[in-house]
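Below: one structure, written as structure tokens.
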Ligand code: TXA
Ligand code: MG
């Protein structure tokens with residue numbers, strides 16, 4: 088039996104059998120929290136139309152109340168009850184749902200303010216994961232679900248990451264192995280024009296262009312917020328993904344980046360710091376016997392995305408204090424990777440060519 092929400096939990100790690108999914112759906116109906124896998128990252132689900140249940144998400148995560156949640160649906164038609172869906176939204180849903188695209192649309196009154204953090208828009212997404220869809224269907228309504236991490240930590244791409252962050256704080260975790268994509272969904276604001284990418288993900292700018300002629304990438308995606316960059320998505324304003332150690336990105340020509348990383352790494356080691364260099368499969372050997380984390384091959388950005396959050400979590404587990412990371416071109420999925428790395432580094436960048 089699963090624990091009651093008002094007591095301290097013994098968080099159960101459950102295989103996604105039919106019986107367990109039904110059990111989790113019952114818990115959600117009671118207003119409890121259940122973590123579940125999606126194709127992007129694990130989500131922390133609650134009844135999205137029940138303010139008390141949604142409030143528990145903010146408490147379990149330690150999430151600021153001004154940061155709105157995504158409602159997850161199992162069917163395109165369900166979104167019509169939650170938001171005003173125009174033709175462009177319908178075309179995008181047809182093209183990319185189920186999948187890693189979250190759409191911001193004007194909300195209908197059925198959606199509580201707790202879910203949208205008082206905003207007039209609601210974020211909707213249909214995940215492309217069998218366990219997520221079965222859970223939403225068994226529950227019978229939209230599930231509010233942020234990434235299932237403690238606020239500020241990298242999003243969880245494995246059930247054990249959820250357990251690391253939320254053990255004792257939620258009733259259950261449905262297991263679903265490693266998330267295929269590994270980075271959160273693209274957040275696209277289509278509630279006003281021009282359409283705007285607030286958070287890049289696996290549905291890339293290039294893929295969206297045929298559906299929305301005028302599309303801009305929010306300036307906060309690759310740069311810190313400033314008075315010139317208004318906060319369109321409250322989530323962008325908060326510290327995110329950051330490992331405990333100091334992470335710095337190193338940019339420039341290959342040769343200069345490698346020699347800069349070596350020099351800074353060696354300085355850190357000589358002052359007795361535990362250090363690491365995030366590099367790519369093609370380049371890792373240039374660092375000889377230094378501690379290198381291979382993020383994956385530059386020819387396979389999907390692999391880099393899948394591993395990135397696990398690499399950041401590994402740094403905390405190993406107590407690494409000083410991390411240098413190479414960068415990659417911010418095109419295609421590279422934009423989402425550089426957005427997460429940039430935010431994890433608080434946009435601390437060293438230019439190796441100057
Ligand atoms: O892939 C994903 O999107 C995962 C899985 C679980 O579906 N979910 C996820 O949720 O990443 P979360 O809460 O960690 O990120 C949602 C982002 C936040 O940056 C939030 O500020 C933004 O979406 N957001 C949600 N509703 C919004 C709204 N009405 N207006 C502006 N931004 C919104
Ligand atoms: Mg999150």
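In my numbering, the protein residues as written are 88 to 441. By construction, the Cβ of each residue, glycine as well, lies at the ideal position given by its N, Cα and C atoms.
**Message:** Less than 8 Å between the C-beta atoms of residue 135 and residue 228, yes or no?
**Reply:** Position 48 of the chain shown, counted from the start, is the residue given in the question as residue 135. Position 141 of the chain shown, counted from the start, is the residue given in the question as residue 228. A contact, by the Cβ cut-off of 8 Å.
Is residue 262 near ligand 2, judged by its Cβ being under 7 Å from some heavy atom? Along the chain shown, one-based indexing puts residue 262 at 175. Residue 262 Cβ: outside cutoff for every heavy atom of ligand 2.
For the region 259 to 267 against the region 113 to 122, do three or more pairs of beta-carbon atoms, one drawn from each stretch, fall closer than 8 Å, so that the two count as touching? Contact between the region 259 to 267 and the region 113 to 122 is present: three or more C-beta pairs spanning the two stretches fall below 8 Å.
Does the region 245 to 255 come close enough to the region 180 to 187 to have 3 or more Cβ pairs within less than 8 Å?
No contact exists between the region 245 to 255 and the region 180 to 187.
I need the boundaries of the beta strand (DSSP E) containing residue 159, first residue and last residue.
Here residue 159 refers to the residue found at position 72 when the chain shown is read from its first residue. In the DSSP annotation of this structure, the continuous segment of the beta strand (DSSP E) that includes residue 159 starts and ends at 157 to 159.
Inset, instruction - Quick one: using the 10 Å Cβ neighbour count with 16 as the cut-off for buried, is residue 252 buried or exposed? - result: Working through the chain shown from its first residue, we reach residue 252 at position 165. Buried, by the Cβ-count rule.
Which residues does DSSP pair with residue 132 in a beta bridge? Mapped onto the chain shown, residue 132 falls at position 45. Beta-bridge annotation (DSSP): residue 132 is paired with 121.
- Segment limits, beta strand (DSSP E) that includes residue 340: Here residue 340 refers to the residue found at position 253 when the chain shown is read from its first residue. Run containing residue 340: none; DSSP gives neither H nor E here.
Cβ of residue 218 within 8 Å of Cβ of residue 124? Taking the first residue of the chain shown as position 1, residue 218 is located at position 131. Taking the first residue of the chain shown as position 1, residue 124 is located at position 37. A contact, by the Cβ cut-off of 8 Å.
Look up residue 381 in the DSSP assignment and say whether it is helix, strand or coil. Residue 381 sits at position 294 when you count from the first residue of the chain shown. Correct three-state label for residue 381: strand.
Can you determine whether any heavy atom of ligand 2 sits closer than 7 Å to the C-beta of residue 233, and answer yes or no?
Translated into the one-based positions of the chain shown, residue 233 becomes position 146. Residue 233: yes, Cβ under 7 Å from ligand 2.
Margin query: For a quick check, are the C-beta atoms of residue 192 and residue 290 less than 8 Å apart?
Written below: Position 105 of the chain shown, counted from the start, is the residue given in the question as residue 192. Position 203 of the chain shown, counted from the start, is the residue given in the question as residue 290. Between residue 192 and residue 290, the C-beta gap is not smaller than 8 Å, which leaves the two residues out of contact.
CB residue 438 to CB residue 362, shorter than 8 Å? Taking the chain shown and counting its residues from 1, one reaches residue 438 at position 351. Taking the chain shown and counting its residues from 1, one reaches residue 362 at position 275. The answer is no: Cβ separation not under 8 Å.
**OP:** Would you identify the three-state DSSP class for residue 437, choosing helix, strand or coil?
**Re:** By one-based count along the chain shown, residue 437 stands at place 350. In the structure shown, residue 437 sits in a strand (DSSP, three-state: E or B).
Exercise for the section: Within the same chain, show all residues whose beta-carbon is closer than 8 Å to that of residue 143, passing over the 5 residues directly before and after it, in chain order. Expected result: As a first step, residue 143 must be located in the chain shown, where it is residue number 56. Cβ neighbours of residue 143 beyond the five flanking positions: 92, 118, 119, 120 and 133.
Report task. Go ahead and label residue 283 buried or exposed: buried means 16 or more other beta carbons lie within 10 angstroms of its beta carbon, across all protein chains shown. Result -> The sequence position of residue 283 within the chain shown is 196, counting from 1. Sixteen is the threshold: when 16 or more other Cβ atoms of the shown chains lie within 10 Å of the Cβ of residue 283, as they do, the residue is buried.
- Message: On the DSSP letters alone, give me the boundaries of the alpha helix (DSSP H) that residue 283 sits inside.
- Response: In the chain shown, residue 283 corresponds to position 196, counting from 1. Unbroken run through residue 283 is the beta strand (DSSP E), 282 to 286; no alpha helix (DSSP H).
Sort out for me which residues DSSP pairs residue 260 with in a bridge. Against the chain shown, residue 260 aligns to sequence position 173. 100 and 122, per the DSSP bridge assignment.
- prompt: Would residue 107 pass as a contact of residue 115 if the rule is Cβ separation under 8 Å?
  reply: On the chain shown, position 20 is the one that residue 107 refers to. On the chain shown, position 28 is the one that residue 115 refers to. It is not a contact, given that the beta carbons lie outside the stated cut-off.
What's the gap between the Cα of residue 337 and the Cα of residue 190? By one-based count along the chain shown, residue 337 stands at place 250. By one-based count along the chain shown, residue 190 stands at place 103. Straight-line Cα distance between these residues: approximately 33 Å.
Problem - residue 222 burial status per 10 Å Cβ neighbour count (16 or more: buried) - result: One-based indexing of the chain shown puts residue 222 at position 135. Of the other Cβ atoms in all chains shown, 16 or more fall within 10 Å of the Cβ of residue 222; this residue is therefore buried.
In chain order, what are the residue ranges of uninterrupted alpha helix (DSSP H) at least 4 long that sit wholly in the region 355 to 433? 388 to 404 and 420 to 431, all fully within the region 355 to 433.
Endpoints, the beta strand (DSSP E) within which residue 302 is located:
Here the question's residue 302 lines up with position 215 in the chain shown. That run of the beta strand (DSSP E) goes 302 to 304.
Following a CB-centred definition, is residue 135 positioned closer than 7 Å to any heavy atom of ligand 1? Mapped onto the chain shown, residue 135 falls at position 48. Result no, Cβ not under 7 Å from ligand 1.
Check your understanding: Near residue 385, what residues of its chain come up, given a Cβ to Cβ distance below 7 Å and the 5 sequence neighbours on each side ignored?
Key -> By one-based count along the chain shown, residue 385 stands at place 298. Cβ within range, chain order: 367, 369 and 415.
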